[in-house]
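Undergrad:
Number of protein chains: 4
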Amino acid sequence: MKLAMIGLGRMGGNMARRLMKHGHQVVAFDVGRASVDALAKDGAAPAYTLAEMVKQLPTPRIVWLMVPAGEITEKTVQDVGALLSAGDIVIDGGNSYFKDDVRRAKVLAQKGIRYVDVGTSGGVWGIERGYCLMIGGEKQAFEILTPILRTLAPGRGDVERTPGREKLGGTSEEGFLHCGPVGAGHFTKMIHNGIEYGLMQAYAEGLDILKGAKSENLPADQRYDFDLAEITEVWRRGSVVGSWLLDLTAMALVESPNLAEYSGFVQDSGEGRWTVQAAVEEGVPAEVLTSSLYTRFRSRQEHTFAERVLSAMRKKFGGHVERPTGG
Amino acid sequence: MKLAMIGLGRMGGNMARRLMKHGHQVVAFDVGRASVDALAKDGAAPAYTLAEMVKQLPTPRIVWLMVPAGEITEKTVQDVGALLSAGDIVIDGGNSYFKDDVRRAKVLAQKGIRYVDVGTSGGVWGIERGYCLMIGGEKQAFEILTPILRTLAPGRGDVERTPGREKLGGTSEEGFLHCGPVGAGHFTKMIHNGIEYGLMQAYAEGLDILKGAKSENLPADQRYDFDLAEITEVWRRGSVVGSWLLDLTAMALVESPNLAEYSGFVQDSGEGRWTVQAAVEEGVPAEVLTSSLYTRFRSRQEHTFAERVLSAMRKKFGGHVERPTGG
Amino acid sequence: MKLAMIGLGRMGGNMARRLMKHGHQVVAFDVGRASVDALAKDGAAPAYTLAEMVKQLPTPRIVWLMVPAGEITEKTVQDVGALLSAGDIVIDGGNSYFKDDVRRAKVLAQKGIRYVDVGTSGGVWGIERGYCLMIGGEKQAFEILTPILRTLAPGRGDVERTPGREKLGGTSEEGFLHCGPVGAGHFTKMIHNGIEYGLMQAYAEGLDILKGAKSENLPADQRYDFDLAEITEVWRRGSVVGSWLLDLTAMALVESPNLAEYSGFVQDSGEGRWTVQAAVEEGVPAEVLTSSLYTRFRSRQEHTFAERVLSAMRKKFGGHVERPTGG
Amino acid sequence: MKLAMIGLGRMGGNMARRLMKHGHQVVAFDVGRASVDALAKDGAAPAYTLAEMVKQLPTPRIVWLMVPAGEITEKTVQDVGALLSAGDIVIDGGNSYFKDDVRRAKVLAQKGIRYVDVGTSGGVWGIERGYCLMIGGEKQAFEILTPILRTLAPGRGDVERTPGREKLGGTSEEGFLHCGPVGAGHFTKMIHNGIEYGLMQAYAEGLDILKGAKSENLPADQRYDFDLAEITEVWRRGSVVGSWLLDLTAMALVESPNLAEYSGFVQDSGEGRWTVQAAVEEGVPAEVLTSSLYTRFRSRQEHTFAERVLSAMRKKFGGHVERPTGG
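Protein chains in written order, with this note's numbering: chain A, 424 to 750; chain B, 424 to 750; chain C, 424 to 750; chain D, 424 to 750.
1. Let me know if C:PRO586 comes out buried or exposed under the rule of 16 or more other beta-carbons within 10 Å of its beta-carbon.
2. Within the 7 Å Cβ cut-off, does C:GLU551 reach chain B?
3. Which residues in chain D have a C-beta closer than 7 Å to the C-beta of B:PRO708? List them in chain order.
4. Just to confirm, is the Cβ distance from B:LEU556 to B:ILE485 under 7 Å?
5. Per DSSP, A:PHE599 is paired with what?
6. Could you spell out where the alpha helix (DSSP H) holding C:TYR717 opens and where it closes?
7. I need the straight-line Cα distance from A:PHE649 to B:ARG584, nearest angstrom please.
8. Just the C-alpha distance for C:TYR538 and A:GLY603, rounded to the nearest angstrom, thanks.
9. When you compare each of B:SER734, B:TYR685, B:GLY741 to C:PHE688 by their alpha carbons, which one comes out closest?
10. Return the CA-CA distance between C:ALA673 and D:THR496, expressed in angstroms with no decimal places.
11. Does the CB of A:VAL449 have a neighbour CB from chain C at under 7 Å?
12. Report back the beta-carbon spacing between B:ASP524 and B:HIS609 to the nearest angstrom; my notes put them in contact at under 8 Å.
13. Does the Cβ of A:GLU725 have 16 or more other Cβ atoms within 10 Å, making it buried, or fewer, making it exposed?
14. Could you give the DSSP three-state label for D:ALA463: helix, strand or coil?
15. Please list the partners that B:HIS743 has in chain C, where partner means a Cβ-to-Cβ separation under 8 Å.
16. Go ahead and pull the three-state DSSP assignment for C:SER666.
17. Please list, in chain order, all residues of the same chain as C:LEU572 whose beta carbon is under 6 Å from its beta carbon, the five residues on each side excluded.
18. Output the distance between the C-alpha atoms of D:HIS445 and D:GLU596, rounded to the nearest integer angstrom.
19. What would DSSP say about A:THR698, mapped onto helix, strand or coil?
20. From A:TYR647 to A:ALA636, what distance separates their C-alpha atoms?
21. Expressed to the nearest angstrom, what Euclidean distance is found between the alpha-carbon atoms of C:ASP502 and B:ALA643?
22. Return the residue from the list A:ASN640, A:LEU712, A:VAL541, A:PRO570 that minimises the CA-CA distance to A:GLY560.
23. Taking B:ARG659 as the query, report the chain A residues whose CB atoms sit under 7 Å from its CB, ordered along the chain.
24. So does the segment 545 to 554 of chain B actually touch the segment 653 to 661 of chain A, counting three or more Cβ pairs closer than 8 Å?
25. What residues from the segment 500 to 514 of chain C come within 7 Å of chain A, judged by C-beta to C-beta, listed N to C?
26. So, under 8 Å CB-CB, C:THR727 and B:ASP465 are touching, yes? Tell me the CB distance rounded to an integer number of Å.
27. Taking Cβ-Cβ distances shorter than 7 Å, what residues in chain A pair up with B:PHE565?
28. Below 8 Å on the Cβ atoms is my guess for C:ASP515 versus C:LEU488; work out the distance and round it to an integer in Å.
29. Could you check where the beta strand (DSSP E) with B:THR543 kicks off and where it finishes?
30. Counting only Cβ pairs nearer than 8 Å, list the residues of chain A close to C:VAL703.
31. Assign C:PRO680 to buried or exposed, taking buried as 16 or more other Cβ atoms, counted over all protein chains shown, within 10 Å of its Cβ.
32. Provide the residue span of the beta strand (DSSP E) that contains C:TRP388, from first to last.
33. Under the rule that 16 or more other beta-carbon atoms within 10 Å means buried, what is B:ALA683, buried or exposed?
34. Report the option in A:GLY430, A:PRO481, A:ASN640, A:GLU653 whose CA atom is closest to the CA atom of A:GLN448.
35. Taking C-beta pairs closer than 7 Å, name the residues in chain C that A:PHE740 reaches, listed in chain order.
36. My parser needs the beta strand (DSSP E) runs of 3 or more residues fully inside the segment 610 to 644 of chain C; what are they?
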C-alpha cells in the first residue's frame, strides 16, 4: 500500500523502513529536511511540506503520524486534517492520551475523515522484531489498514501457540489487534506501559535487595555478595520470572555489573501517569502501578519537600537532628 | 549418579522422574507408602524408612529433601542427619528460609555433613521444561552435585544468548547456578518469588483497569469493553511486557474470559514475607514487592479491622453511615 | 450581615444556624420546602424560589451555596448567576474540584459577578466547634465576607498559640484563611482531605496490627489480647500520636470495642481522588495518600478482578487451587 | 517512692527530674560521671557503679533503665540482674523489641526478678507535658510501680473526656496503662511509633503537593503559591486534621517557611521496622505504615540501585539515556 509517514525519528523512520522493505510505498515528511532526505535515500518519496505530501497519496489517503504526543501531535492532526478529505484516514501512532483521541476524532469526523489510534510497543528493537500494535477506531478503517499493520507487526514467529487459540480467529497472534472504538488502542497501550513500569520496578527492587545482602549491618553468616549478572541469567531458563525485560536486564548486567554508568534518574512518560488517573477514575486499586510511577518521581529529586517536613517534625518533637550519613 | 529423594509430591516426584529419565538412579522415600510404590513402578529403588534409604546409597551419600518448609523440613533434616556421616551431602530443595539453612548447616557441620540449599523454580512445568536451580553451600559440594543439577536444569534450550555471555564461563546459561555460601540459594529463590509476586500484581492491576474501562460511571465515549484474552495475546508478540507469566495469563483467559471460576482468594508462601523482611533488615525500599504481598493478605478477608476503624471514624466526624453498595 | 444560604442539609442548615445565632440574617433556600420551613422557624427569611431569594438580598448580594459537588453545584451556580448582577458574590462552600472553580469564576466574571470558593472542614461538630474555612478568590471579596467567615470559624479558642505567631497578623489563628486566588480554597481543602485519609489509614492499620496480635498463628508467649479502647485512650495524653481523629476513635471504641456494627465498606469523596491526580500532575510521590484511597476502593469489593488474575496465574504455573479459607 | 534510674540522657534525666519534683527519690547512675553529678546537683543520690546504686535501694528494689535499645540494654539488664534478688523489679523504659522483652523476662524470672517493659512517648516535651506510658508485665508489678507511673504520666489535664469513660475505671485517662503481659508495653509503643510514621508521612505528602502547586508545568490559572505556615495554622482550629504533630509542623513552618535548614535525610528507629515485621507475621496489610518507613529508607540515599536498574532497562529497550535534570 501507499501511505505517508509524518515524523521520521527513531520510531517513525524505522517503521517506514520496515514497511518499504516489505513492499509498501512511503511518502516521507518531517520538519527536519535531513530526515526526509535520509529516508528518500532508502527508497521513500520525499515531501518537504504537508501539501506536497498529501498530493502524492492515492485516495483514500493514509497518513501515519509518528510525532511526540501533546502539542506537536495536536497541531499536526489539525494541519493534516485541513488538507484531507472525506474517507481519508489519519493514524496517530504516538503515545497520545486516549481522551485526546476521542476529541480529535470527533473534530475530524465533521469532515468525514477517519481517525485511528495505534499504540505501538517494541522500542529500538521493533525494526527487526516487529512492533506490537494496539489499534482503536472504526472497524472498517482497521480493515483498510490491515496490510500495513500486518507488515509492521512481528507476526506469529516462533512464539509458542497459546493452547485453545487454534479455534479462534483474529489477528492478535500476529501481533496486532483492533482493540475497540477510537481511543481503545491508546488506552490499551497506556495500560501496557503501566504494567511495564510495574514489571520493571519489581525486578529493580528484587535486585536491590540482592545487592543489599552484602551490607555489613547484617550478621556475618547471613551476608551474601551476589553476582547479579549470573542470577539474572539463570532466571532466564525455566524460572517463573522469565521475560523480555529480564533478558534486557541480564544483558545490561553482563556489560556493567554495577550499572555504574546509569544515573538512576528515571523519566516517566505520560502513560504511567494516565494509568494512575484511569485507576482513580474507575475506582480500581493499583498500588503497584502507582508506586512504580512514584519511584520515578522520587528518583529525580535530591530530597522531597515531604522529607524536609519529616525532618522538621522529628526535630520538634524529639530534638532529633538528622545527619546526612548512611542508613 | 545415585541419590535419595525424600518427599515424592508434585515437585519431588517429578524431579525424581526427570533424573531417572536421564540415567540417574533414585532411592525413593516418602511418608506415604503409596507414593514410594508409584515411583518404584517408574524405576526408583523404594525405601520405606530413612534407614533403608540410607543403606542403599554409596558414599558420599546424597540425600535430596523435597518436603514442605518449616517443621517438616526441620525434623527431616535432623532425622537424616542422625543417619549420615562425614562427607555426606544433604540438599534442601524446598522453600526454606535462608536463616534456617545457616542454622541447620552449622549443626550438620559438627558431624562433617555438608548442607546444600537449592531454590527450585518451575512449578508443574518443570518436569518438561526443567527446573531453574539456585544453589547455596560449599563450592566443592556444588561440584559433586553438578551432574544431577545439570539434568534437573533446563539447559540452554533455544533461549537466545545474552550478548557478551560467550566470553564468560559458568553454568547460569544452563539454568543452574552456585549463588554463594549456605543460604545463598534460598535467598536468591526468595527474591525470585518476591519479584514473581510483583510481576503478577503488575499484570493483575493492569488487567483490572482494562476490565474496569467499561464502567457506566465513565463518560459514554470514553468507555471500552476490552477483550482481555485478545489483548494479552497481542502483547505476547513484540511488546515490552512479554513474559512467561503473560503467556500463562493469556492461556487462562482463552479458557475463561472472565476468570469466573477463580476465587480471587490468594495464598502467599513464606518467600514473599521473607522478601519484605529482608528489605526491612537491609533498609531497601521495596514498595512494589510489599504491596504485592499485602494484596494477598487483603484478598483473604471479607473486611479488615482497619476498614471498620475507617467506617467508625467517618461516622464520628461526619455522621457518615456506610452503605454496602458498589463504589 | 445578610446573606442567602442555598442548600439546608446537615452542613448548610447548621452553618445558617450558627450565623443567625451570632446576629447575621439568613435568607434560606432549598429545593426541599420542608427544609426551608424548618430554618424559617429558627429565624431565617424563607425563599421558595431562587428569584424570591435574590429579591430579599441587599447589594452587593451574597449567596452561599452548600449543595452537593458536581452537577447540582454546576446547575445552581448557573441558575444563581443568571439572577445576579455585577458586584454580587457567589460562594461555593461545598466540596468542588478546584478546576471547576476556575472555570465557573471565569464565566461569572463576564457579568462582573465574583466567585469565592470555600473549603469547609468540621463535619457534624462544626455547629458547636466552628468550621475551619479555606478560602479562594479575590482578596477584596474575601474582605467583604470576613464578618461572616469569622462567625463561622472556631476563633482562637483555647488552642495553644504557635510560638512566633504573635508577631504575625492574619486570620489563620481564628480558623479561616484567604489561601489565594480562585480555586485556592478548594485546593487546600482537597489536600486537607487527602491528609485526612492518610491519618485515618495510619491509625486504622496500627489498630489492625494490635488486634491481630492475638492470632493463634503467633507463638504463645508473643501473643497479646489488647484492649483497643484503653490504648487509644492512653495515647490521648502526652503521646506523639494525639489528634482529634484519635479522640473520635477512642470514642467509637468505648461504645463498641470490636466495631462490630461498622461494615468496613468505606466510601471516598472526590477530594481523595483529586489529591492523587494533583500529585500525579505535579510529579510529587504520594504513596501514603494514594494507598489510603486505594484501601477504600478495595473495601467496597468482595474480590477485585486483579485478585482473580493472581489466582489464575497461580493455578497455571503451580497447579495451586485457592481455597477460600482464612489466611 | 525510691527507685534507681540508669541512663541519664535526654529522656532518663528528664524523667528523673520529673519524679523528684513530685517527691520521689532517685538514685542516679550513668556511665558518664558528669551526668550523674548533674543529676545529683538536682537532688538525686549519685551512684558511680551499679553495685553502689543497688546498695542504696530498699527492697523490693526498683531499677528503671533508660538506655539505648539493643546491645546496651541487653548488657545492662544482665549486669543489673546479677545484682538483684527475688522480688526486685527491672523496668526497661527504652525502645526495645517486644520479643527481647519476652526473652529477658524469662531469664530474670529464674531468679524471681520481675521484668516490666514500658513504652514511653513524649519526646523532649515530656518533662513538662508528662509521658504517655504503655506498660507490659505482671499486673502485680504494675501495681507496685503505680505511684511512679502516675507521676511520670501527664494525668487527665484539660483533655476533654471521652464520652462513656465516666463509667469505666482504669488509668488510661491519666496517661499510663497496663497493656498486658511482658512485651505488651513495647508492642503497643511499637505500633504507636508505626502510626506516628504514617501520620507524619500523610502531612508531609500533603504539604509537598501544596508546595508543588506553584510549578510552572501547571496551567497558569491552576497554579497556586501557598503559604504553608498559614495553612497549617488554620487547620489547627476546627478541622478534621488537627493533631499535636500538626501543631509542631505549624511551629516549624513559622520559624522556617521553606524548611530550608532541614536536610530531608530521615532516620528511622527500630519501631517502624518492627511494625512492618509484625504486620507481615500477622498477615495484616499495612500499606501506609510500610510506605512511611520506605520513604525514610529512600531519603538516605542519593539513588537506589533499583533506580539504576530502571535506567539500564530503559536504555536497553528504548535507547533512552536519562539526563539528570528536573522532573
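Idealized CB from N, CA, C, for every residue including glycine.
TA: For this structure:
1. C:PRO586 comes out exposed.
2. Output row for C:GLU551: interface = no.
3. Listed along chain D are TYR717, PHE720, ARG721, THR727, each with a C-beta nearer than 7 Å to that of B:PRO708.
4. In this structure, B:LEU556 keeps its C-beta atom at 7 Å or more from the C-beta atom of B:ILE485.
5. By DSSP's assignment, A:PHE599 forms a beta bridge with A:LEU556.
6. Going by DSSP, C:TYR717 is part of the alpha helix (DSSP H) stretching over 710 to 722.
7. Straight-line Cα distance between these residues: approximately 21 Å.
8. Pairing C:TYR538 with A:GLY603, the inter-Cα distance amounts to about 42 Å.
9. Distance check between C:PHE688 and each of B:SER734, B:TYR685, B:GLY741 places B:SER734 closest, using alpha-carbon atoms only.
10. Between the alpha carbons of C:ALA673 and D:THR496 lies a gap of roughly 33 Å.
11. So, not an interface residue.
12. Rounded, the Cβ-Cβ distance is 6 Å, consistent with contact.
13. By the 10 Å Cβ count, A:GLU725 comes out exposed.
14. DSSP, read as helix, strand or coil, puts D:ALA463 in helix.
15. Result: GLN690.
16. Strand.
17. Contacts found: LEU556, PHE599.
18. Using only the alpha carbons, I get a separation of about 19 Å.
19. Looking at A:THR698 - three-state DSSP - the assignment turns out to be helix.
20. Each residue's alpha carbon lies about 5 Å from the other.
21. Rounded to whole angstroms, C:ASP502 to B:ALA643 spans 26 Å at the Cα level.
22. Measuring from the Cα of A:GLY560, the nearest candidate turns out to be A:VAL541.
23. The answer, in chain order, is VAL582.
24. A contact exists between the segment 545 to 554 of chain B and the segment 653 to 661 of chain A.
25. Answer in chain order: no residues at all.
26. So it is not a contact: roughly 42 Å between Cβ atoms.
27. Those within 7 Å of B:PHE565 in chain A number zero; the least Cβ separation is about 13 Å.
28. Their Cβ separation, rounded to whole angstroms, is 5 Å, which keeps C:ASP515 and C:LEU488 in contact under 8 Å.
29. 537 to 544 is the span of the beta strand (DSSP E), which, as asked, contains B:THR543.
30. Under the 8 Å cutoff, chain A gives ARG696, VAL699, GLN700, LEU716.
31. Exposed is the label assigned to C:PRO680, since fewer than 16 other Cβ atoms lie within 10 Å of its Cβ.
32. Because chain C spans 424 through 750 in this model, residue 388 of chain C falls outside it and cannot be assessed.
33. Counting the other CB atoms within 10 Å of its CB gives B:ALA683 a total below 16, which places it among the exposed residues.
34. Checked all of A:GLY430, A:PRO481, A:ASN640, A:GLU653; the closest Cα to A:GLN448 is A:PRO481.
35. Residues of chain C passing the Cβ test: VAL663.
36. Taking 3 residues as the shortest admissible run, the segment 610 to 644 of chain C contains no complete beta strand (DSSP E) segment at all.
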